[in-house]
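Everything in the sequence shown is counted per numbering that gives the first Met the number 0, starting at 0 for the first residue and increasing by one. Note that CB positions come from ideal geometry on N, CA and C, so glycine has one too.
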Amino acid sequence: MAQTQLRGLIDTMDYTLIPGAINPVGLHTMIGAFIFGIGMTIAGGCASGVLMRIGEGHVLPWVALLGFFIGTTLGAKNYSFWYDNIISKARVVYFPEHISLEVVVIVQIIVLVGLYKLAAWYEKKSVQG
0 MAQTQLRGLI DTMDYTLIPG AINPVGLHTM IGAFIFGIGM TIAGGCASGV
50 LMRIGEGHVL PWVALLGFFI GTTLGAKNYS FWYDNIISKA RVVYFPEHIS
100 LEVVVIVQII VLVGLYKLAA WYEKKSVQG
C-alpha cells in the first residue's frame with residue numbers, strides 16, 4: 000500500500016518546478032571541496048563549530064576565524080576571475096537528466112542503512128573489547 004502511494008507521488012511530481020540554481024560541477028568543485036575539507040579538519044569543524052569554540056573560550060579557533068575572513072574577502076574580490084576562466088566553462092551536471100529520482104532515493108536509503116549497520120557494528124566491537 001505504502002509503496003504504491005510513494006510511486007504515485009513520485010510519478011505525479013514535476014521536478015522541473017523545483018526552485019534553485021543549477022551550477023556547473025567540474026574539477027574546480029572537487030578541488031574546492033578537498034581544500035574545504037582540509038580547512039575544516041585543521042579548524043576542528045565547520046564555521047558554527049569554530050564560533051561555538053570561540054564562545055567557550057578556546058584560543059585556536061580565532062586563527063580559523065581569521066582564515067574565514069581572509070578567504071571570504073579574497074574569494075569575493077577574485078570571484079569574477081574564477082567564474083570567467085573556470086566555473087563558466089565547466090560542464091553542468093544535473094543528475095535528474097542522467098538517473099531517475101526513484102533510483103537515487105533507493106540507492107541513498109541503501110547507503111544510509113549500510114552506514115548505520117557499519118556504525119552499529121563498530122560501536123558493538125569497541126564496547127566489547
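Quick check: the Cα distance between residue i and residue j, rounded to an integer number of angstroms?
| i | j | result |
| --- | --- | --- |
| residue 34 | residue 71 | 14 Å |
| residue 96 | residue 57 | 47 Å |
| residue 73 | residue 28 | 17 Å |
| residue 92 | residue 24 | 6 Å |
| residue 75 | residue 41 | 22 Å |
| residue 79 | residue 86 | 10 Å |
| residue 45 | residue 32 | 13 Å |
| residue 108 | residue 101 | 11 Å |
| residue 114 | residue 98 | 22 Å |
| residue 117 | residue 66 | 35 Å |
| residue 88 | residue 82 | 8 Å |
| residue 90 | residue 103 | 21 Å |
Which of the three DSSP states, helix, strand or coil, is assigned to residue i?
| i | result |
| --- | --- |
| residue 54 | helix |
| residue 114 | helix |
| residue 59 | coil |
| residue 43 | coil |
| residue 126 | helix |
| residue 49 | helix |
| residue 38 | helix |
| residue 31 | helix |
Verify whether the separation of the beta carbon atoms of residue i and residue j is less than 7 Å.
| i | j | result |
| --- | --- | --- |
| residue 53 | residue 60 | yes |
| residue 64 | residue 49 | yes |
Quick check for students: name the residue ranges of the alpha helix (DSSP H) that lie wholly in the stretch 61 to 111, counting only runs of 4 or more. Qualifying alpha helix (DSSP H) stretches, in chain order: 78 to 84.
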